[in-house]
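A.B. asks: Provided herewith is a single structure, encoded as structure tokens, for subsequent inquiry.
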Amino acid sequence: MAVLVTGGTGYIGSHTVVELLEAGEDVIVIDNFFNSKPWVLNAIQDITGKGFGFYEGDVADKDMLRRIFKDCFIEEVIHFAGYKAVGESVQKPVMYYRNNIDTTLALLEVMEEFGCRRLVFSSSATVYGIPKKVPVTEGSPLSAINPYGSTKLMIENMCRELCHADDRWSVALLRYFNPIGAHESGKIGEDPNGIPNNLMPIILNVVSGKTPILSVYGNDYPTPDGTCIRDYIHVVDLAKGHLAAIKAVRRDTGAMEFNLGTGKGYSVLDIINAFEKVNGVKVPYVITGRRAGDAAQCYSDPSKANKELEWKAEKDIEQMCRDAWNFLQQHQR
Ligand code: UD1
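Following this line, the structure appears as structure tokens:
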């Protein structure tokens with residue numbers, strides 16, 4: 019009996035594989051290293067001292083999926099694999115739909131063939147679009163404001179419809195807020211291929227001299243310091259949320275949505291200040307114009323996950339900044 023993790027060498031995937039192995043689960047990973055690196059496999063083994071199965075390939079490859087389901091007794095799937103860069107999705111919408119939707123359809127079809135009907139899906143707070151009210155609850159209005167967000171929303175809808183059509187299915191739709199930080203060992207963390215788009219990887223590039231300065235996208239928002247507010251969550255807390263979700267899909271059937279966030283909002287300047295304070299480094303920045311599509315504020319009400327999953331984010335913003343920097347120092351090349 020094993021948990022299949024698609025995209026298990028990626029940022030959130032690798033931290034989740036560590037938590038699963040440490041909880042005594044058998045794990046099979048599938049990844050094509052589109053946005054991750056093979057060394058992550060060894061790093062996971064180093065941290066946990068445990069082995070796991072690995073298949074290199076594309077989740078849309080149904081023959082490979084069938085081989086995995088034949089070889090291993092898969093009871094649950096955690097589906098991370100997918101493209102995730104918002105800007106790129108606007109430039110290449112068809113590529114995003116083709117990849118994110120195709121992989122999920124292939125996975126759902128093969129899961130059904132093998133009678134495996136428990137899924138944890140890597141959704142995103144992006145399904146709330148630009149929230150009209152914060153904190154956002156699972157009942158807040160859903161909308162997609164870019165192709166990446168559309169793929170997340172389409173997959174959520176697909177899963178809800180599937181659970182409605184067949185009550186043997188159970189699917190946890192986990193809406194992540196803003197994961198940052200890294201494993202405390204410093205052995206795994208966020209290591210995006212190419213130019214990063216998200217705040218923390220950009221801060222890391224700036225402090226390591228790869229990028230001269232951080233552009234803070236706007237300080238004229240209706241927030242206390244004028245910069246945007248987000249719900250940053252430590253990636254290890256987020257990974258633990260997947261363990262809790264696995265228990266939930268074992269226990270219950272149907273589609274269940276959960277916000278995985280801390281419930282606390284921090285501004286861009288709060289993050290810069292925390293990073294400078296705990297790590298004793300300067301983050302040079304300049305205030306520039308707003309980035310299209312940014313919400314002034316987006317933070318979660320995580321009480322449903324706190325209650326129903328018996329899960330709560332525990333690590334604070336300082337720990338997130340410390341662990342992010344620790345990872346970078348160990349991996350500066
Ligand atoms: C972005 C995506 C969102 C996606 C999420 C996780 C957009 C508009 N939104 O969210 O759909 O779910 O990533 O992948 O791309 N910031 C700067 N300077 C920078 C980078 C970011 O000031 O160089 C600010 C942003 O304005 C934002 C905050 O930092 O206020 C966080 O940005 P980011 O890490 O990109 O996350 P989101 O905007 O929340």
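Numbering-wise, my numbering puts 84 at position 66 of the sequence shown, and it's gapless, one number per residue.
Cβ coordinates follow ideal geometry from the N, Cα and C atoms, glycine included.
Computed from a prediction, not measured in an experiment: that's the story for all the values here.
1) For my contact list, Asp-319 and Val-145 are in at a C-beta cut-off of 8 Å; report their separation, rounded to the angstrom.
2) Would you mind giving the Cβ-Cβ distance between Phe-98 and Ser-142, rounded to the nearest angstrom? I have them listed as a contact below 8 Å.
3) Quick one: is the Cβ of Gly-244 within less than 8 Å of any heavy atom of the ligand UD1?
4) Can you look up Pro-353 in the DSSP assignment and give me helix, strand or coil?
5) Excluding the five sequence neighbours on either side, which residues of its own chain have a C-beta within less than 8 Å of the C-beta of Val-234, listed in chain order?
6) What are the residues that DSSP puts in a beta bridge with Glu-332?
7) For a test of your reading of the model: does the CB of Asn-216 fall under 8 Å from any non-hydrogen atom of the ligand UD1? Yes or no.
8) Below 8 Å on the Cβ atoms is my guess for Ala-41 versus Val-138; work out the distance and round it to an integer in Å.
9) Compare the C-alpha of Leu-327 against each of Met-176, Gly-272, Gly-259 and name the closest.
10) Does at least one heavy atom of the ligand UD1 sit under 8 Å from the Cβ of Asp-255?
11) Going by beta-carbon coordinates alone, are Tyr-29 and Asp-209 separated by less than 9 Å?
12) In whole angstroms, what is the alpha-carbon distance linking Cys-134 and Cys-316?
13) List the residues that DSSP assigns as beta-bridge partners of Thr-24.
14) Report the CB separation of Ala-310 from Cys-339 in whole angstroms; it is logged as a contact under 8 Å.
15) Tell me which residue opens and which closes the beta strand (DSSP E) that Ser-142 is part of.
16) In this structure, does DSSP put Tyr-303 in helix, strand or coil?
17) Output the residue ranges of the beta strand (DSSP E) runs that lie fully inside the stretch 191 to 244 and measure 3 residues or longer, sorted by chain position.
18) Assuming Ala-257 contacts Thr-34 (C-beta within less than 8 Å), just tell me the rounded distance between them.
19) Checking 9 Å against the spacing of the C-beta atoms, do Lys-68 and Leu-39 come in under that value?
20) Assuming contact is defined by CB atoms lying nearer than 9 Å, are Val-225 and Lys-300 in contact in what I supplied?
21) Taking 8 Å as the cut-off, is the beta-carbon of Lys-102 closer than that to any non-hydrogen atom of the ligand UD1?
22) Hey, quick one: how far does the beta strand (DSSP E) through Asn-53 stretch, first residue to last?
23) If you reduce the DSSP assignment to three classes, tell me which class Arg-248 lands in.
24) Based on the DSSP output, what are the partners of Ile-92 in its beta bridges?
25) In this structure, does DSSP put Ser-285 in helix, strand or coil?
26) Check Asn-277 in the structure and name its three-state DSSP category.
27) For Ser-54, which residues of its own chain have a beta-carbon under 7 Å away from its beta-carbon, when the five flanking residues on both sides are left out?
28) Nearest-angstrom Cα distance between Arg-84 and Val-128?
C.D. replies: Put simply:
1) That pair is no contact at about 15 Å.
2) At roughly 11 Å, the Cβ-Cβ gap does not stay under 8 Å, so Phe-98 and Ser-142 are not in contact.
3) no
4) The question about residue 353 has no answer here: the residues shown for the chain are numbered 19 through 351.
5) Thr-245, Val-286, Leu-287, Ile-290, Tyr-303, Val-304, Ile-305, Thr-306
6) Under DSSP, Glu-332 shares a beta bridge with no residue.
7) yes
8) About 14 Å separates the Cβ atoms of Ala-41 and Val-138, ruling out a contact at the 8 Å cut-off.
9) Gly-259
10) no
11) yes
12) 35 Å
13) Ile-48, His-97
14) Contact doesn't hold; Cβ gap of about 27 Å is too wide.
15) 136 to 142
16) strand
17) 196 to 198, 232 to 235
18) Between Ala-257 and Thr-34 a beta carbon distance of about 4 Å is seen, short of the 8 Å cut, so the two are scored as contacting.
19) yes
20) yes
21) yes
22) Premise fails: Asn-53 is in no beta strand (DSSP E) and is neither H nor E.
23) Per DSSP, reduced to three states, the secondary structure at Arg-248 is strand.
24) Looking at the DSSP assignment, Ile-92 forms a beta bridge with Ala-20.
25) strand
26) strand
27) Thr-27, Gly-28
28) 6 Å
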